[in-house]
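Trainee: Here it is: the structure, laid out below.
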Amino acid sequence: IHPVLMFIGYIFLATEAILAYKVLPITKFYKKVVHLSLHLIALALGIVGIYAAFKYHNESGIVNLYSWHSWLGLGTISLFAIQWLVGFFSFFYPTAPDSIRSGILPWHVLFGLLIYLFAIATAELGFLEKLTFLESSGLYKYGSEA
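Structure representation (structure tokens):
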């Protein structure tokens with residue numbers, strides 16, 4: 001369930017949240033609400049996804065946090081949560097003064113896109129990690145497509 005939750009949260013919903021803020025034909029306030037809500041759902045799915053991974057590892061006797069995927073993932077979700085909190089308190093409720101908001105906005109956009117790229121990189125590392133496990137389990141004898 002971990003890969004499904006993380007994909008839906010950090011790839012699909014995060015993409016939709018970024019696009020929603022730019023392309024939805026609604027007022028700026030409602031764009032913020034959609035952007036904020038989709039990211040909050042993504043964060044919740046990410047937390048449940050990480051819980052599922054830890055639970056699976058603990059039940060299977062697998063060590064936690066043993067790969068680049070797990071460390072980059074933990075860092076990404078932490079940065080995502082910080083970014084969400086900064087965005088919430090700076091741009092939504094209660095809104096910061098305009099001078100502070102205008103100073104934070106370019107950094108919010110920059111770090112938001114970097115965190116999004118970290119999420120994509122983490123997903124790629126997870127796919128490669130799973131592929132490596134499948135190859136080392138002898139699955140290759142069924143063909144390269146298996």
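All residue numbers for the sequence shown refer to the UniProt record's numbering, where the first residue is 1 and numbers rise by one.
Glycine included, C-beta positions come from ideal geometry on N, C-alpha and C.
(1) If you measure between the beta carbons of Leu125 and Leu43, is that distance less than 8 Å?
(2) Return the chain-ordered list of same chain residues with a C-beta closer than 7 Å to the C-beta of Thr122, the five sequence neighbours on each side being excluded.
(3) How about the region 98-109 and the region 36-51: do they share at least three Cβ pairs that are nearer than 8 Å?
(4) So, helix, strand or coil for Ser70, using DSSP?
(5) Tell me which residues share the same chain as Ile18 and place their Cβ nearer than 6 Å to its Cβ, disregarding the 5 neighbours each side in the sequence.
(6) Under the rule that 16 or more other beta-carbon atoms within 10 Å means buried, what is Gly61, buried or exposed?
(7) Which of the three DSSP states, helix, strand or coil, is assigned to Leu13?
(8) For Thr132, which of helix, strand or coil comes out of DSSP?
(9) Mind pulling the alpha helix (DSSP H) runs of 4 or more residues that sit fully within the region 21-91?
(10) Who are the Cβ neighbours of Phe92 in its own chain at under 7 Å, not counting the five residues just before and after it?
(11) From Ala146 to Ile11, what does the alpha carbon distance come to, in whole angstroms?
(12) Grab the span of the alpha helix (DSSP H) containing Pro94 for me, first residue to last.
Mentor: Per the coordinate set shown:
(1) Taking 8 Å as the Cβ cut-off, Leu125 and Leu43 do not qualify as a contacting pair.
(2) Cβ neighbours of Thr122 beyond the five flanking positions: His69, Leu72, Gly73, Thr76.
(3) The answer is no - the region 36-51 does not touch the region 98-109, with fewer than three Cβ pairs under 8 Å.
(4) Helix, per DSSP.
(5) Take Ile18, set aside five residues on each side of it, and no residue of its chain has a beta-carbon closer than 6 Å to its own.
(6) Counting Cβ neighbours within 10 Å, Gly61 comes out exposed, since fewer than 16 surround it.
(7) Helix at Leu13.
(8) Three-state DSSP puts Thr132 in a helix.
(9) Listed in chain order, they are 28-60, 68-87.
(10) Only Lys32, Leu36 meet the Cβ criterion.
(11) With a pLDDT of only 48 at Ala146, under the threshold of 50, the placement of this residue in the model should not be trusted, and no figure is reported.
(12) Taken as a continuous stretch (DSSP letters only), Pro94 belongs to no alpha helix (DSSP H), as it is neither H nor E.
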